[in-house]
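Number of protein chains: 2
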Amino acid sequence: MTKRPTMSDVARVAGVHKATASRALNPLTSGQVNQATARRVLAAARQLGYTPNATARSLRTSRTHTVGVLIPDLTNPLFPPVVRGIENVLFPRGYTALVANTDNEPDREAAHFEALLGRQADGFILATGRRDHPLLVSAHERGIPAVLVNRGTDDALYPLVTGDDPAGMTAAVDHLVALGHRRIVHLAGPAGLSTGLRRSQAYRHAVAAHELDARLVECESYTADAGERAMVALLTEAGERPTAVVGGNDLIALGALRAIRAAGLRCPEDVSLTGFNDMPFLDELRPALTSVHVPTHELGVEAARLLLEQIEGAPAVAKTISLPLRLVVRDSTAPPS
Amino acid sequence: MTKRPTMSDVARVAGVHKATASRALNPLTSGQVNQATARRVLAAARQLGYTPNATARSLRTSRTHTVGVLIPDLTNPLFPPVVRGIENVLFPRGYTALVANTDNEPDREAAHFEALLGRQADGFILATGRRDHPLLVSAHERGIPAVLVNRGTDDALYPLVTGDDPAGMTAAVDHLVALGHRRIVHLAGPAGLSTGLRRSQAYRHAVAAHELDARLVECESYTADAGERAMVALLTEAGERPTAVVGGNDLIALGALRAIRAAGLRCPEDVSLTGFNDMPFLDELRPALTSVHVPTHELGVEAARLLLEQIEGAPAVAKTISLPLRLVVRDSTAPPS
DNA sequence: GCTCGTACTGCAATCGGTTGCGGTCGACTT
DNA sequence: AAGTCGACCGCAACCGATTGCAGTACGAGC
């Protein structure tokens, strides 16, 4: 294992000073160098197999062409496509995305954030938004470029790219009402997350618009287990059994489905069920799950674009970009029997 | 936005030379500094909110505490848990995992690899193994630490952590035979991937052991679409219809399930079906898919451990660690009717 | 023939840490 | 009292690039 050649090596071979080599190698400054000289440098670089040391460059320029992507849970199928969207924008522009999993733990998130900051990330894309998010406040104070995706914060400090949750939720409720349902329950995502809150509020509005009563159980997290627990609780509660359940996301709905079956009920005959996010393979389920489709790839693409704008000097305007959602009706919703 | 404090700032506040500050701040060298002085430095650092500049440190030490993780397809549910396993080992040891998606494209993989190398990654974990993998040869020549996970290469240059595919495949075939199946087909993963090849070979051995004929269709990729196409092709072929299908992985099996249904057949009554990998939510399917469980998290954990060993100086022994697999029988397999 | 401008290139500082080496000083040995 | 030894700390080089500034050379202009 012989050491990698440095720019000084290239300069020596080409018979120039390393400063000249630097200029020749950089497309932006190569105009300052004699064409013939530049060619000599390029040839020397190729011959030696020179690759620039990004660390040294970063130290000098304090730009790393690296962005941190903080994901609350990579095993939630919502997020991988978002990551791909982000990468598809970043990579061609010479940026690398550093993806980190926070497991929904603020401590872990903070640790990752600091680690990435120490590695001089040029900016951040956070899918980990909680409504109250001290990390973001301090980041904003330090002037760090960032964009939120999917989940927002209460104080808008940074741009947010998200799906149009209210419209999606309204579409789901309207669909159930059109089928004839009157007792529609919402298994809500955590109220500490903007999506949980927004969807809950939209649910309340939507049922109110049909003059129905709202009934809502909050899940501790966006997971199947939490959804199952909430549904079990709901089924053992007093009062009339609901005929339709609106899940805060698909995982919650899957958990609910388990509970419904465990209680000896059938879906959709006894209980209709909808999810949210339209994660992959929902139509392989039986019943195939009706869900609200979220353009995850686009979410990532837009977020990456906004971040690049900021990195390149645009101020961090806290605008919200909300992308349209679409209800995908499958087999888990049917008229009440 | 005021600049981050540097070590010189800390040193000035503490009234020492920056070299002393450096030693005081580093737990490994803090013994070389008077306790009282060290405390002063620590206090100054805390007061200023000092965080070390990892870039500068890396430049000097040529260690970045960063490892590149190359994943062929993050949207394949097999991989996110592997990534978590990797992170769970790396993070507590002060390493950051840089996850990159290669979309199964060698060019994209090479680009990511070079980019990460330019950023001085200390090592790599590759889940992108193809049996012929030029990138790895050159990496090995350059003495770069790396570990393969899940998929291997023909020439063993690096350690490989993988599931015991032959045992898993044998268990699946034995299970089908025990149910009474005689015409068992394998929808194989790409033969260009070690897992595809290994599982195919194991399939051949397993059916031969029961004195049955092997029949095998290779899918172009480990995706549901490829599986569906292969199954359609199989069903339109001449000859007796198989009573059982062994998918090269779960996605292929899902695609096969689509084709089976589209052909008006039922699973498991007309055709039994097994998957491989046991990705999440398989038991929410109807029929719940019988599959071979792979300890994905453990795969990541082991790979990360091996990589750390290498980074810390152990030679890159091309040993293979193979973790036991377990057949999970669900509802998609039944005796032939 | 002298000045001026232009094109090119080299010098050296700089980014923010790490580390080998050497110097100072007090305590301890003999 | 001289010598020895550690403990502690500072000096300065170094990692590999980028970049402001200055210097050189050469041609053009007058």
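Chains as they are written, first to last, in numbering that gives the first Met the number 0: chain A, 0 to 336; chain B, 0 to 336. For every residue, glycine included, the Cβ atom is placed at its ideal position computed from N, Cα and C.
Taking 3 residues as the shortest admissible run, the region 125–192 of chain A contains the following complete beta strand (DSSP E) segments, listed from N- to C-terminal end: 145–148, 159–162, 183–187. Separation of A:G195 and A:A126 (C-alpha to C-alpha, rounded to the nearest whole angstrom) is 14 Å. Closest by C-alpha distance to B:Q119, out of A:R56, A:P241, A:H296, is A:R56. Its Cα nearest to that of B:L47, the residue B:M6 stands out among B:R150, B:V68, B:A138, B:M6. For A:Q119, the C-beta contacts it makes with chain B under 9 Å involve N52, A53, T54, in order along the chain.
In this structure, the CA atom of B:P279 is about 33 Å from the CA atom of A:E239. Secondary structure in the region 229–293 of chain B: the alpha helix (DSSP H) runs of 4 residues or longer, each lying completely within the stretch, are 249–261 in chain order.
Judged by pairs of C-beta atoms under 8 Å, the region 35–49 of chain A does not touch the region 73–93 of chain A, as fewer than three such pairs exist.
For B:S57, the C-beta contacts it makes with chain A under 7 Å involve T54, in order along the chain. A straight line joining the alpha-carbon of B:A190 with that of B:E217 spans about 7 Å. DSSP places A:T60 in the uninterrupted alpha helix (DSSP H) bounded by 53–60. Membership of B:V9 in the alpha helix (DSSP H) is indicated by the continuous run 6–13.
In the DSSP annotation of this structure, the continuous segment of the alpha helix (DSSP H) that includes B:E86 starts and ends at 78–89.
Nearest in C-alpha terms to B:H180, of all of B:L97, B:V244, B:A138, is B:V244. Between the region 308–318 of chain A and the region 136–145 of chain A, the count of C-beta pairs closer than 8 Å reaches three or more; the two stretches touch. DSSP places A:S321 in the uninterrupted beta strand (DSSP E) bounded by 319–322. At a cut-off of 8 Å, the C-beta of A:V98 has a neighbouring C-beta in chain B.
Where A:V68 is concerned, there is no enclosing alpha helix (DSSP H), although the beta strand (DSSP E) around it starts and stops at 65–70.
Legend: CB atoms of the region 283–296 of chain A lying less than 7 Å from CB atoms of chain B belong to residues E283, L284, R285. Scanning A:A53, A:H64, A:I259 for the CA closest to the CA of B:R59 turns up A:A53. Classified as exposed, B:A208 has fewer than 16 neighbouring CB atoms from the shown chains inside 10 Å of its CB. Contact annotation for B:L73 against chain A: P79, V82, R83 [CB-CB distance below 7 Å, chain order]. Residue state for B:A96 is assigned as strand, using DSSP reduced to three classes. The Cβ of B:A114 sits closer than 8 Å to at least one Cβ of chain A.
Boundaries of the alpha helix (DSSP H) harbouring A:R22: 17–24, taken from the DSSP string.
The beta carbon of A:E311 sits no closer than 8 Å to any beta carbon of chain B.
Under the 8 Å Cβ criterion, the region 261–273 of chain B does not count as touching the region 199–213 of chain B, having fewer than three qualifying pairs. For B:E217, the enclosing beta strand (DSSP E) has its first and last residue at 214–217. Taking a cut-off of 8 Å on C-beta distances, the region 82–90 of chain B does not touch the region 24–37 of chain B, as fewer than three cross pairs fall below it. Cβ contact annotation for B:I259 (same chain, cutoff 6 Å, sequence separation greater than five): C266, V270, in chain order. In this structure, DSSP gives A:V40 a helical state, which the three-state scheme calls helix.
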